[in-house]
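In what follows, a structure is listed as structure tokens, so that the remarks can point back to it.
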Amino acid sequence: MIIKMINFVNDFNIELDREKIFKLMKCHVGSGAYIEACKVFNKLQNEFSGLIDPKGIFSLTERSDPFGSIEPVNRSKKIVLAAVTLGASLEDRIQGLFAEGEYLEGMMLDVIADEYLFNMSNLMYEEIVRACQPFGLKLSCRVTPGDAGMPMAFQRVIFDAIRADLNLALDITNYYMLKPVKSMMYLYGADEEFSNIQRNQSCENCENSTCTYREEPIIVIVEEGSRSFEVVYNPKESLLHTLVKKADLVSPCGGHGTCGKCKILLLEGEIEITESDYKKLSDEEILAGYRLACSAFPSQNCKIRILSEADRKSLIITDFIEKRNELHPWIETISIVLPENRRSGTSAVQWVKDVTSERKFSLKSLWSLSEILEANNPPETLFLSMSEEEVFDISDRFKDKFGIVVDIGTTTVVVGLVNLQTGELCDRHPVLNSQKKYGADVITRIQYASQKLPNLLELNAAILNDILDGIEYLCQTCNIDPSSIHDIVVAGNTTMLHLFMGIHCKTIGVSPFLSVSLYKHVFNFGEVFKRDLIQSRVSIMPGIAAYVGSDIVMGVLNCNMDLKDEIALLIDIGTNGEMVIGNKSRLMCLATAAGPAFEGANISCGTGCVDGAINAIYIEGDTFKFTTIGNNSPVGICGSGVIDMVYSSLSYGIIDETGHIENAELKEGIMISDSPESTKISFSQKDFREVQLAKSAIRTGIDILISRFGCSYGDIKRVYIAGGFGSKMDIKSAVGIGMIPQALEGIVVSIGNSALGGAIDYILDKNNDDRVNRILHITEYVDISKDKNFNDLFIDNLTFGSK
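Mapping of the sequence shown onto this note's numbering: residues 8 to 810, in sequence order.
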């Protein structure tokens with residue numbers, strides 16, 4: 008390939024950096040040669056400009072076949088071929104100095120030339136970026152012949168393509184070396200899909216580990232709560248992306264710079280203040296050293312502090328409707344009496360075939376049986392542990408069998424331990440979902456997981472580790488051996504279950520919102536968790552739609568909505584706002600995009616349900632009063648406090664029904680807590696707008712669902728409010744701002760974590776599998792976005808006030 012369109016660059020005004028030159032030469036203050044080196048540098052600095060003829064050329068062109076195998080160029084539609092040279096005179100001068108025995112001068116001039124050449128490529132990079140901007144193209148990192156994955160032979164390909172012999176007076180040897188030596192050729196990928204990179208070149212794929220230009224890693228010391236650790240910062244990405252792999256740094260917006268929640272405090276070193284910092288942080292915070300991790304790109308070693316939500320005790324709702332379940336677990340233990348007349352020539356398995364039907368035997372069960380028979384006095388009774396398909400253990404004594412139930416929420420994860428013989432819930436272990444640091448809502452996580460496979464694997468590992476930690480905790484606190492766990496039931500919203508299984512979920516986030524599967528799936532423990540800690544099956548509960556998952560199906564099961572004649576309404580007030588209406592004859596459901604405001608994510612001083620979160624707000628006299636979780640100093644406002652704040656402000660005329668703050672002096676925010684001993688907490692005009700949108704989404708969903716089902720408020724006999732936020736929400740406040748219809752206020756009950764309760768119902772009674780299948784069969788899904796009344800109702804429901 009020969010390119011006709013060539014861009015020439017001849018204006019290189021580069022100042023020599025003495026300290027950088029000396030660093031490359033490993034010449035430091037106090038060394039024996041330092042004073043002499045300073046004299047030589049001054050001499051060469053005056054001489055250098057007369058020795059060079061700096062020129063550069065580049066060309067933007069279509070990517071051709073020879074470059075199709077080079078990473079990351081193979082992902083681009085176009086490429087940029089480039090070359091720079093210092094001319095022949097400099098090379099002659101360097102060789103002359105060495106020939107004259109002036110080794111220090113020759114070595115320093117050689118280093119100066121290399122440094123100048125690299126700086127030329129950096130200036131060329133800026134020219135290339137400007138040339139690509141009109142076409143909407145962004146560049147990959149620079150790739151140079153000789154880098155890993157790009158053989159030196161490509162030097163000839165670039166040389167011929169840009170006619171370097173004619174345009175730069177260069178020559179190339181049979182071994183692909185350029186003459187003059189102080190010349191360089193390289194290329195970039197150019198494509199609309201590339202992200203803007205922070206650097207011209209990367210040492211990542213270079214195999215020359217002794218190169219003096221090789222960049223040293225940037226070390227960031229992180230203080231998080233009571234621990235301190237180091238991370239190696241990757242300059243290709245923001246500090247946030249480096250930190251989320253090691254620390255509990257929350258970024259509800261997924262690192263897009265819009266939420267302002269990923270604050271870090273700079274303790275040592277420097278991090279440049281960015282436009283995002285000025286937008287989201289106060290002047291006082293910036294002066295104190297606060298930065299947003301999502302827009303932080305350290306250029307040197309530094310020390311930071313982050314405040315982790317995990318350092319505060321979280322209040323996660325684990326209560327649910329407890330019922331006296333009939334015990335028909337999927338895993339059962341039966342006893343058999345061995346025959347007195349044990350005939351020779353038969354097999355021990357034959358003795359138990361009558362009670363095990365056609366079940367197969369696991370190798371472990373056969374091994375256990377053989378051990379029992381080896382005993383001097385074999386027992387008269389055997390205890391068989393079985394699923395419907397398999398005898399998986401045989402023992403000479405009765406042993407309790409346990410099951411694990413899991414509710415994977417977008418914000419929280421609850422793991423419970425259940426005794427399958429007694430039906431007792433032994434204990435439960437709630438934690439914040441570790442995926443939260445990658446984004447507060449499912450859409451943000453879908454976007455993150457869809458960027459590249461390692462991101463999906465990160466999210467998968469995060470939730471698996473949360474569950475494994477929960478299982479380990481429960482085994483320790485309840486003093487049971489993990490080998491006694493034989494059944495695991497997992498429920499959650501559809502996206503969380505995709506990430507739990509480690510399967511792609513991009514199609515859930517875009518129309519027509521297609522999930523890979525909504526069916527029930529049963530796997531073995533090792534297949535899901537990639538380890539052999541437990542010999543158990545793992546049942547993943549079925550869902551209804553991309554945004555109505557198995558957590559809602561389990562909620563219906565736990566409320567017995569499918570068994571009753573009376574019409575009931577189940578609402579899970581959270582990021583997705585799922586709801587179901589109906590009775591045993593028919594059910595109807597939908598999901599509405601409420602967003603994470605009720606989780607505190609999009610609120611300027613919002614937080615999760617952690618110690619110190621303001622969970623109730625009221626006005627006394629002309630002052631805002633509040634209570635906090637744990638009666639600790641306030642650290643932010645959680646969802647129930649947010650609803651109270653809006654209701655109190657509306658009731659006292661601080662805002663009107665449109666959410667507008669009436670007093671001009673309060674436009675910057677209403678101060679709730681400004682105690683010098685604690686965090687300043689306020690509520691802004693933007694916060695009221697966020698609640699407006701979330702509240703309208705929930706109310707519009709309720710109105711459409713009731714209308715589509717074909718009933719009136721009076722026909723509904725019970726309203727179940729599920730989820731952590733709903734359990735602590737003041738119903739009066741929710742009705743007062745218009746989120747819950749006033750006509751339903753007297754029949755609202757909070758039921759806590761109905762998904763966990765339903766999972767327990769399922770694991771303790773296998774007959775509930777038929778109920779789950781029937782729930783799926785009688786449930787109709789409503790796509791709220793296609794409802795003809797949606798837009799009008801949503802706009803109408805934006806106003807605050809009971810109705």
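Every residue, glycine too, gets a C-beta built ideally from N, C-alpha and C.
Between the CA atoms of residue j and residue i - distance to the nearest angstrom
i	j	result
Q102	G113	7 Å
L427	L250	41 Å
N798	A90	57 Å
Y123	E133	16 Å
C566	V517	32 Å
K444	L256	6 Å
G759	D629	34 Å
S680	Q454	36 Å
V344	I767	32 Å
L466	D473	11 Å
F602	K702	The sequence given here places Gly at residue 602; Phe does not occur at that position. Using only the alpha carbons, I get a separation of about 10 Å.
S372	A469	34 Å
S592	V496	27 Å
T418	Q442	8 Å
A762	G562	5 Å
L812	G262	Here the chain comprises residues numbered 8 to 810, so residue 812 is not present and cannot be evaluated.
D414	G477	12 Å
D403	A355	14 Å
Residue burial classification, residue i (beta-carbon count within 10 angstroms, cutoff 16)
i	result
T325	Because the pLDDT of T325 is 49, which lies under 50, any placement of that residue in the model is unreliable, and the number read from its coordinates should be weighed accordingly. The residue in question, T325, is buried, as its Cβ has 16 or more Cβ neighbours within 10 Å.
V227	buried
W374	exposed
C512	buried
I709	buried
D572	exposed
R319	With a pLDDT of 47 at R319, under the threshold of 50, the predicted position of this residue should be treated as unreliable, though the coordinate-derived value follows. Buried, because 16 or more other Cβ atoms sit within 10 Å of the Cβ of R319.
E585	buried
Boundaries of the alpha helix (DSSP H) in which residue i is found, first to last residue
i	result
F48	Y41 to F55
I379	L370 to E381
T707	Q692 to F716
K652	Looking at the sequence provided, one finds Met at residue 652 rather than Lys. Looking at the DSSP string, the run of the alpha helix (DSSP H) that includes M652 is G646 to S658.
V535	F532 to F536
M192	M192 -> not in any alpha helix (DSSP H); beta strand (DSSP E) instead, spanning S190 to D198.
N138	With the sequence shown as reference, residue 138 is identified as Ala, and Asn is not the correct amino acid for it. Element bounds for A138: Y110 to C139.
Bridge partners - residue i, DSSP secondary structure assignment
i	result
C596	V587 and Y788
E231	R234 and I313
T388	V344
S689	M678
L439	T419
D579	E585 and A729
V239	I226
K444	Paired residue(s): none; K444 is not in a bridge.
D434	L424
K367	E397
Span of the beta strand (DSSP E) around residue i
i	result
D24	Element bounds for D24: n/a, residue is neither H nor E.
G499	I492 to G499
E69	K62 to E69
Y297	Y297 to L299
L88	K85 to T92
V755	V755 to G759
N622	A620 to E627
I547	R544 to I547
DSSP three-state assignment for residue i, whether helix, strand or coil
i	result
H248	helix
K793	helix
P336	coil
A254	coil
A821	Residue 821 falls outside the range modelled here, since the chain spans only 8 to 810, and no answer is possible.
C269	coil
G509	coil
G556	coil
E397	strand
L805	coil
V813	With the chain represented from 8 up to 810, any question about residue 813 goes unanswered, as that position is not in the structure.
I515	helix
K773	coil
D167	helix
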